[in-house]
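So the structure is just underneath, and the comments pick up after that.
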Amino acid sequence: MPMKPKQLLSFLKMSTNSDIANIFIQIADSLNILGENVFKIRAYQKASKNISELPKDVKNYSGKDELQKIPGIGNDLADKIIEFIDTGEIKYFEDLKEKIPLSLLELLRIQGVGPKFLSVLFNEFDVKDITGFEKALDDESLLEVKGIGKKKIDEIKKGIDIFKTSIDRTGINKAYEIASSIVKEVENIKGTKNTQIAGSLRRWRETVGDIDIITSAEDTKPVVKAFTNFEIAKEVLASGDTKGSIIVEDGIQVDLRVVKPGEYGAAIQYFSGSKLHNVRVRTIASKLGYKINEYGLYEGDKKIEGKSEEKIYGKLGLDFVPPELREDRGEIEAAQESKLPKLIQQKDIKGDLHTHSTWSDGKSTIEEMALAAKKLSYEYIAITDHSISSRIANGLNEKRLFEKKKELEKIDKKIDGIKIFMGSEVDIKSDGTLDYSNDVLKELDFVVASVHSGFKMETHEITERIINAVKNPYVHAIGHPTGRLIGEREPYNVDIDKLIEAAKKYGKALEINSSPKRLDLKDLHARKAIQKGVKIIISTDSHRTEHLSFMKFGVGTARRGWTQKSDVINTYSLKKLIKWLDGFK
DNA sequence: GCCGTTTTCGGCCCGACTGTTTTCAGTCG
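In this note's numbering, the protein residues as written are 12 to 596.
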């Protein structure tokens, strides 16, 4: 998916790590157009990804030796990172920009346009940006270039339309909805079996570039045909014997792979990625004298496994790796040593501890929320409406807070089979104090403290501010601890390590907010927290009953963070939870 | 440009689809 220039810019401003990651990817793209060694290009791409995922800022690394411990960072790239930290630029990149303008790189994101074609356009048609690119496509003499015909040009013109209208990456909620409905449709195609979401969506990444779906059938071609004829398809990008590719709403691409039933395990493994994980898997296979592709695991020409994903991992000496862990973040080593975590599952969740009602800015009543939670077989729900400072969200003053408490207790008595906790999502004000006095807070069953204003504070200020809330004896958890809105707002500058340390010291939980816009804590932060022994609460921040279903996104994020059932407070039974809450009194 | 339980040099995952070809190159995932 193309990335809008505006978003590229905001990405650029984020941090040293994303600055460097961005430069490395642009170096890779430039080298690609220059026809450089593909492995050198791959090295820059890999380094870019690894740096963007680092848990701490490269500025805080002790020196070159420590930098070189980052996978994919060797002597050369460590020097370049240091150069960037010292001078704010990398000369190698500055020189490359003289050769290949940045406005040209963006065009690589157009469907059907690769480095070779772009190189021809740049060298022979003086194309430097999208305007020149579109002009060149109408130039008759382009057809004289070897390998370029009318169809190719038409395909690229379509690609430009998609490039111009599509957003960068699709949020998980929308992707999940589209994917689920397409899975249902594919299941209705005659002869299909085992239709399943693959790709980054199966790994529950917070955003996805495209949607991958795998199915199996004895006769594959008619399935692809039926798929590309779906009404939802606005554009058909490819339609072959085993693979179809369509564009649906908002420029979202959906790929379907159809394999024989005996190849299903290999295919779902292959198409679930991540790319880096699969490279590791393949390398292991080849060291054992095997070959692995999307059809199976082979010893010479003999297929020894293909049907079962589990068995493929098994034959490679690996425990089955849950898709959420397949990011080359240590899961291969853990699978070799049988040390993979037993990940939390959605069925482990016993309640939701961060929800809103019509008392503040929710759209459903306390009773509706409780009944919806009961329907999910939850044992409890906390209704945590906003506190007074959140005026836009109709936050409750003390008087209304106690009125609500009265009503809530009435409803709690009325409804059997679910415990309703009286809670609050209390604002952490700019000075670090909370919106209610301790005398008020101690009357509540459950308190989640969150920042809702003053996001632009310096690191030490906002960190201290949130830690102040952690220290308050009546606070149970910190809500959406970094405050990011995916694709909309950067996280606040909170020092996550210090926050985790404080949460550990004071025995407070950190939230994974399951709202698909937030997913906060994110996977890597959650992993850090549980490594330090900090408890997690996975909540939906529901503002209407339908939002309770966001829990799956929070659980997915938790799983990506290697979280186990025992790490999560709201897997506790009601009895155990009450005991935990009593510990605060 | 990185990396090492076959290697400090010589590897680095592998196949589908498409268009322009007549055996393949480019692009994609």
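Yeah, the Cβ is synthetic: ideal placement off N, Cα and C, and Gly gets one too.
Predicted model only: the values in this text are computed from it and were never measured.
Counting every other CB atom within 10 Å of its CB across the protein chains shown gives G572 a total of 16 or more, marking it as buried. DSSP places Y391 in the uninterrupted beta strand (DSSP E) bounded by Y391 to H397. Spatial neighbours of E260 in its own chain (CB-CB distance under 8 Å, excluding positions within 5 residues in sequence) are listed in chain order as I189, I243 and K245.
For the pair R214 and E64, the CB atoms are not nearer than the 8 Å cut-off. Counting only runs of 4+ residues, the alpha helix (DSSP H) found wholly inside the stretch 353-424 occupies 377-386, in chain order. Straight through space, the alpha carbons of E469 and R529 are spaced by roughly 21 Å. Counting the other Cβ atoms within 10 Å of the Cβ of I431 gives 16 or more, which makes it buried. The bridge partners DSSP lists for R538 come to none. Under a 10 Å Cβ-count criterion, Q542 is classified as exposed, with fewer than 16 other Cβ atoms of the shown protein chains found around its own Cβ. Per DSSP, Y309 is one residue of the beta strand (DSSP E) stretching across G307 to E310. In the three-state DSSP reduction, M562 falls in the helix class (H, G or I). Minimum Cα-Cα distance from I511 among the listed residues I478, P527 and P484 corresponds to I478. Excluding residues up to 5 positions away in sequence, G85, N86 and A89 lie with their Cβ nearer than 8 Å to the Cβ of Q79 in the same chain. The criterion of a C-beta distance shorter than 8 Å is satisfied by S584 and K361. Boundaries for I549: no alpha helix (DSSP H) harbours it, while the beta strand (DSSP E) harbouring it runs I547 to S550, taken from the DSSP string.
The stretch 420-467 is shown to contain whole beta strand (DSSP E) runs of 3 or more residues at 430-438 and 457-461, in chain order.
At least 8 Å separates the beta-carbon of I101 from that of I167. The Cβ atoms of H487 and F457 lie closer than 8 Å to each other. The residues P352, K353, L354, I355 and I541, in chain order, have a CB closer than 8 Å to that of Q575 in the same chain once the five nearest residues on each side in sequence are set aside. Straight-line measurement puts the Cα of A513 at about 33 Å from the Cα of T369. Look at G325 here: in three-state DSSP terms it is helix. Using a C-beta cut-off of 8 Å, the stretch 210-228 makes contact with the stretch 184-199, since at least three inter-stretch Cβ pairs fall below that distance. Between the beta-carbon of L248 and that of I258 there is about 6 Å, and that keeps the pair under the 8 Å contact cut.
Around the beta-carbon of L496, fewer than 16 other beta-carbon atoms lie within 10 Å, marking it exposed. Between the stretch 405-412 and the stretch 370-390, the count of C-beta pairs closer than 8 Å reaches three or more; the two stretches touch.
Burial check for V49: the Cβ neighbour count within 10 Å stays below 16, so the residue is exposed. At a Cβ-Cβ threshold of 8 Å, L535 and I523 do not count as neighbours. Here DSSP, grouped into helix, strand and coil, assigns A520 to strand. The beta carbons of N581 and L364 sit about 5 Å from each other, so the pair counts as a contact at 8 Å. Per DSSP, G210 is one residue of the alpha helix (DSSP H) stretching across G210 to R213. Exclusion of the five residues before and after F144 leaves L118 and V138 as the residues of its chain whose Cβ lies within less than 6 Å of its Cβ. In this structure, the beta-carbon distance from Y281 to S227 does not fall below 8 Å. One Cα belongs to G123, the other to I111, and the distance between them is close to 20 Å.
By alpha-carbon distance to P126, the top candidate from K163, A237, I81 and E47 is E47.
Every alpha helix (DSSP H) of 4 residues or more that sits fully in the stretch 128-169 is shown, in chain order, as 141-148. Non-local C-beta neighbours of D330 in its own chain, meaning closer than 6 Å and more than five positions away in sequence, comprise A346, S349 and L351, ordered along the chain.
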